[in-house]
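Report on the following structure.
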Amino acid sequence: MSDELDLRTDKSCSGSRSLPINESFTASTTVTMFSPPFSAPAGTVINVQLVAELDDPNGIPGNGSVGVSVHQCCDVSDSQITSQQTVGRIGPAGSPEVTPLTVTLRDACTLSTHPDGDDSQFVHYLRLRISDSFDRVKLSYSIN
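Structure follows, in structure tokens:
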């Protein structure tokens, strides 16, 4: 996983990356974050591993949860690829919980955003959510 990152709380559809993507960060209590945009053709199967654990060994992991959903960048209004958010648990410090998600990407837009004008590629991103009432959470994810 990569070094600690600034929280990405604003979605971006420009500057898409190639897969795989791996990031790690620590966030306070409740926050919604976004992965960097990534490009892939429709029909690509991605595997997402969301890993969460409390930062404080004295924290109470049962107080919170994490979630992940996959979205597609569209020229007018973005589309959600997954039918709903996949929700997982936050493990105690030193014992992270893994939330897996496997998704087949598709073109879900009326007017799709294409990276560099390549009509065979579509731009997607993850929406990551942490909900914890008291503690900081270490979160990492990978998209392969």
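Numbering (the working numbering), first residue to last: -16 to 127. No residue lacks a Cβ here, since even glycine has one placed at the ideal position from N, Cα and C.
Beta strand (DSSP E) containing residue i: first to last residue?
i, result
"serine 66", "Segment: none, serine 66 is in no beta strand (DSSP E) and carries neither H nor E."
Return the CA-CA distance between residue i and residue j, expressed in angstroms with no decimal places.
i, j, result
"serine 48", "alanine 76", "14 angstroms"
"serine 52", "valine 31", "10 angstroms"
"aspartate 101", "serine 11", "38 angstroms"
"lysine -6", "isoleucine 4", "16 angstroms"
"serine 103", "alanine 91", "14 angstroms"
"serine 78", "phenylalanine 8", "16 angstroms"
Since residue i contacts residue j with CB under 8 angstroms, what's their CB separation in whole angstroms?
i, j, result
"valine 86", "serine 22", "Valine 86 to serine 22, Cβ: 15 angstroms. No contact."
"tyrosine 108", "histidine 54", "6 angstroms"
"aspartate 39", "aspartate 118", "5 angstroms"
Report all residues from its chain with a CB closer than 8 angstroms to the CB of residue i; omit the five preceding and five following residues, and keep chain order.
i, result
"valine 28", "Thr85, Val86, Thr87, Leu88"
"glutamine 67", "Ser52"
Between residue i and the rest of its own chain, which residues show a CB-CB distance below 7 angstroms, the 5 nearest in sequence each way excluded?
i, result
"isoleucine 73", "Ala35, Glu36, Leu37, Pro44, Gly47, Ser48, Val49, Glu80, Asp115, Val120"
"threonine 13", "Ile113, Ser114, Asp115"
Kindly list the residues whose CB is nearer than 6 angstroms to the CB of residue i, restricted to its own chain and excluding five residues on each side of it in sequence; keep chain order.
i, result
"proline 19", "Arg0"
"valine 59", "Leu94"
"threonine 15", "Arg112"
"valine 70", "Ser48, Gly50"
Would you say the beta carbon of residue i comes nearer than 7 angstroms to a heavy atom of the ligand COA?
i, result
"serine 125", "Inclusion of the ligand COA in the displayed structure is not the case, the ligand content being empty and no account of it being possible."
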